[in-house]
Amino acid sequence: MSSLCVCVCVRVCMCCQTEQQMGTAVASQMADPNREDEQVTLLGEEGLRAGGQALKLGFVAGVILRERIPAFERMLWRACRGNVFLRQAEIETPLEDPSTGDQVHKSVFIIFFQGDQLKSRVRKICEGFRATLYPCPEAPSQRREMAMGVMTRIEDLNTVLGQTQDHRHRVLVAAAKNIKNWFIKVVKIKAIYHTLNLFNLDVTQKCLIAECWVPLLDIETIQLALRRGTERSGSSVPPILNRMDTFEDPPTYNRTNKFTSAFQNLVDAYGIASYREINPTPYTIISFPFLFAVMFGDLGHGGLMFLFAAFLVLREKQLAAKKSDNEVWNIFFAGRYIILLMGLFSMYTGLIYNDIFSKSLNLFGSHWHTNYNESTVMHNKDLQINPSLSADYDQVPYPVGLDPIWQLALNKIVFLNAYKMKISIIFGVLHMLSGVSLSLYNYRYFKDRISIFCDFIPQVIFLTFLFFYMVLLMFIKWISYGPQNDFPDSPACAPSILITFINMVLFKNAEALPNCNTVYMFAGQGVLQKFLVLVALLCVPIMLLAKPIYIMRQQKEKHVQLVNGHATTENGDAEGAGRVVQQPPPAGGHDENEIGELFIHQGIHTIEYVLGSVSHTASYLRLWALSLAHAQLSEVLWSMVMTKGLILESWIGGVWLWFVFGFWAILTVGILVLMEGLSAFLHTLRLHWVEFQSKFYKGLGYAFSPFSFEVILNTASTAVEE
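Using the UniProt record's numbering, you'd call the opening residue of the sequence shown number 1 and step up by one each time.
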């Protein structure tokens, strides 16, 4: 407020040089006959009678909110009938409102009047508009003296404020060195006392009792920690740790490290394993990147992914210390080991496909040879290389992967389609069979023998006799119908596996191909296929009815034993006459409801498995579809972009190649690596969650959440940063 007094005093000094000059200025302004608002004179009749004599004027000065100035001026004019003179000026610097703390804009004003009556009226108006009035001496010398005193006080206050600011800065700098330690201590203390609040008092009110879950392998470590705490605290009574039995379902705790934690998170996203249920993570560590690589098989794209993940792994300590807030980057960093294996496996499958940026590597030389001149090839469009001739083919398989000659073949797409489609079905059936096999470990551990005979065995038979048999037909066809074989075992007489499987399920006789003697790959195939289908169909009612009927018979036997036991007690116990005998529950009721629910649940489970076996097998064809799409998109990108930079010659072609290569590299990384990689990742995740884990994994448990200062501090730090 001292700065406001200076403004008032300066304004007073400017406006009130002498009382006589101010009176003359006021009188001349108020006596302007051209202004309608000033028809009433400021001094009235008394002032007119006074003539040229000096008038004794009073004044008040203060500050008011800027938005109240118009209403304030109108109120003064009407209440005082124009017998006041108001001058105001805006204060450019915003001021802080002491009551609310908000920044407000104010104006300084001074009001001249004559007489005590107008003085009282003006002060009341100022109070009504919540204006702040400041005392201002009438004599110029006193005003100058007061202004100098205000300036001196302002300088003193600025000095005090500066010293206070410096002192506060030194204190805060000293405190900032310990703020992290204080934060950690406060969070730890809060967590400790929060946990202690969960304890219960003993009957004697002298000790605390708590029940908690403890990993069995860590009991000795916990006992040592309790003993160490007792010694450090100087307590004479050691804590007691007893292992107790409970009917509650324990939480699930899977020990992980920085390599396996990412894979465990993928499994836990589907559902937390029940206690002692088999964990799919060890199998997912290998199968997940492998199935991803089947769809993403490219030596070049896989190499880019591997190098990026290797950078994250090698610099993981420095990158983890930065604690980035970017969610996308944190996702990539958390899954760096998954990306590393996906890139490594993609390089392997790319080598098998002999595909690097849509091109092939000629590592061992092609095993195919062309013994024709250019004129022969140009004039004979139907000319083909015969794999049965030694002159055209070396009769030896290519050492690793595909022969590079397929890159130039016109039937490349046809060959790759057949090859990738078959390996997709093979991998899919083996993957599902492994999932069904893992369910046996769950049944054996939980001693669920009825599920082994009524669920596991029929499921394995159904899946093996139908779909694994189809896989065997693929290998039989590859072996029996080679290009070296003569009629009738030539590739032209090889039956279609798809047609064979459809005829097998429909019990339909196959038709022989033209100029072929047989419709089967081996003797007795027709009879064997009918037997396999009948046994597979027989497994369906076993899965549907065997388990509910067995459980229903068990309950009836228990019910009969319970009735016989009560009858024996009533007839043989003489003392039982005076006691109330509990009657056995009547047949039906809640038991019948449970049996009905069991039939419904088993029916849903059977239908889901039978239909799922068909749909899941077809679902694995996504391995072929995405692999083909990725290869074709890579080839299109090379032919439509990169080739444009290779057609020009001289130095212009070299410069143009730089720009084309940059554009091709951006599209390769953005589309083929990132977008296609994300698509393949999501499809692989679906294959594991639905097609694989649904065969044995229920995921109905809950995770073990131990007391951990590290987790608590990380959570608190994240909350503070947000």
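Ideal Cβ positions, reconstructed from N, Cα and C, are used throughout, including at glycine. Quick caveat, the model's predicted, so the values are computed rather than measured.
Which partner residues of residue i appear in the DSSP bridge assignment?
{"i": "T159", "result": "Beta-bridge pairing links T159 to no other residue."}
{"i": "F112", "result": "F59 and F85"}
{"i": "E676", "result": "The partner list for E676 (beta bridge, DSSP) is empty, contrary to what the question assumes."}
{"i": "W368", "result": "Y393"}
{"i": "M356", "result": "At residue 356 the sequence reads Ile, which differs from the Met that was named. Answer by DSSP bridge pairing, in chain order: K359."}
{"i": "K106", "result": "L65"}
{"i": "E96", "result": "Q103"}
{"i": "I209", "result": "N200"}
{"i": "E90", "result": "S107"}
{"i": "A703", "result": "T252"}
Rounded to whole angstroms, what's the CA-CA distance from residue i to residue j? Just pull it up for me.
{"i": "F462", "j": "N330", "result": "44 angstroms"}
{"i": "P397", "j": "P491", "result": "17 angstroms"}
{"i": "G149", "j": "D156", "result": "11 angstroms"}
{"i": "Y702", "j": "K556", "result": "35 angstroms"}
{"i": "T132", "j": "G62", "result": "5 angstroms"}
{"i": "R81", "j": "A147", "result": "33 angstroms"}
{"i": "M295", "j": "Q384", "result": "31 angstroms"}
{"i": "N411", "j": "K420", "result": "14 angstroms"}
{"i": "V711", "j": "E220", "result": "23 angstroms"}
{"i": "Q632", "j": "G603", "result": "44 angstroms"}
{"i": "C9", "j": "F59", "result": "Because the pLDDT at C9 is just 35, under 50, the model does not fix this residue reliably, and the value given afterwards should be weighed accordingly. Cα-Cα distance, rounded: 12 angstroms."}
{"i": "L266", "j": "S287", "result": "13 angstroms"}
{"i": "residue 726", "j": "R168", "result": "Residue 726 lies beyond the residue range present for the chain, which begins at 1 and ends at 722; the question has no answer from this structure."}
{"i": "T376", "j": "W368", "result": "18 angstroms"}
{"i": "F129", "j": "N181", "result": "53 angstroms"}
{"i": "L86", "j": "L95", "result": "22 angstroms"}
{"i": "residue 728", "j": "G350", "result": "One cannot answer for residue 728 here, as it falls past the ends of the chain, which runs 1 to 722."}
{"i": "P404", "j": "P387", "result": "15 angstroms"}
{"i": "S451", "j": "Y445", "result": "12 angstroms"}
{"i": "V122", "j": "S717", "result": "59 angstroms"}
{"i": "T230", "j": "L208", "result": "15 angstroms"}
{"i": "A334", "j": "S261", "result": "9 angstroms"}
{"i": "T606", "j": "V614", "result": "13 angstroms"}
What do you get for residue i, buried or exposed, if any count of 16 or more other CB atoms within 10 angstroms of its CB means buried?
{"i": "S141", "result": "exposed"}
{"i": "M244", "result": "exposed"}
{"i": "G662", "result": "exposed"}
{"i": "S360", "result": "buried"}
{"i": "R579", "result": "Caution is warranted here: a pLDDT of 44 is assigned to R579, below 50, making its placement in the model unreliable, and no coordinate value can be reported."}
{"i": "R336", "result": "buried"}
{"i": "L224", "result": "exposed"}
{"i": "residue 753", "result": "No answer is possible for residue 753: it lies beyond the span of the chain, which begins at 1 and ends at 722."}
{"i": "V12", "result": "Note that V12 has pLDDT 34, beneath the 50 cutoff, so the model's placement of it is unreliable and no number is given."}
{"i": "L161", "result": "exposed"}
{"i": "P495", "result": "buried"}
{"i": "H616", "result": "buried"}
{"i": "S639", "result": "exposed"}
Going by beta carbon distance, what residues of the same chain come within less than 6 angstroms of residue i, once the five residues before and after it are set aside?
{"i": "Y697", "result": "P280"}
{"i": "P289", "result": "L341, M342 and F345"}
{"i": "P585", "result": "Because the pLDDT at P585 is just 47, under 50, the model does not fix this residue reliably, and the value given afterwards should be weighed accordingly. Around P585: no qualifying Cβ."}
{"i": "K477", "result": "A494"}
{"i": "D97", "result": "V104"}
Taking 7 angstroms as the limit between beta carbons, can you name the residues of its chain near residue i, skipping five residues before and five after?
{"i": "S439", "result": "F456, K695 and F696"}
{"i": "Y441", "result": "I278"}
{"i": "P250", "result": "W213 and Y275"}
{"i": "I272", "result": "T252, G699, G701, Y702 and A703"}
{"i": "R49", "result": "Annotation note: pLDDT 43 at R49 (below 50); position unreliable, coordinate value reported separately. Once the five neighbours on either side are set aside, R49 has no close Cβ partner at all."}
{"i": "Q264", "result": "N254, T256 and T281"}
In terms of residue numbering, what span does the beta strand (DSSP E) encompassing residue i cover?
{"i": "Y134", "result": "T132 to Y134"}
Can you list, in chain order, the residues of its chain whose CB lies under 8 angstroms from that of residue i, leaving out five sequence neighbours each side?
{"i": "T464", "result": "L433"}
{"i": "C454", "result": "I542, M543, A546, K547 and Y550"}
{"i": "R227", "result": "P238"}
{"i": "I426", "result": "V471 and M474"}
{"i": "Q693", "result": "V267, Y270, P280, G435 and G699"}
{"i": "Q561", "result": "none"}
The alpha helix (DSSP H) with residue i in it runs from where to where?
{"i": "C539", "result": "Q525 to P541"}
{"i": "S627", "result": "R622 to M640"}
{"i": "N330", "result": "E327 to A334"}
{"i": "V505", "result": "I497 to V505"}
{"i": "K420", "result": "K412 to Y445"}
{"i": "R232", "result": "I219 to S233"}
{"i": "I476", "result": "Y469 to S480"}
Is residue i near the ligand MG, judged by its Cβ being under 7 angstroms from some heavy atom?
{"i": "Q459", "result": "By its list of ligands, the structure shown contains no ligand whatsoever, and the ligand MG lies outside what it can speak to."}
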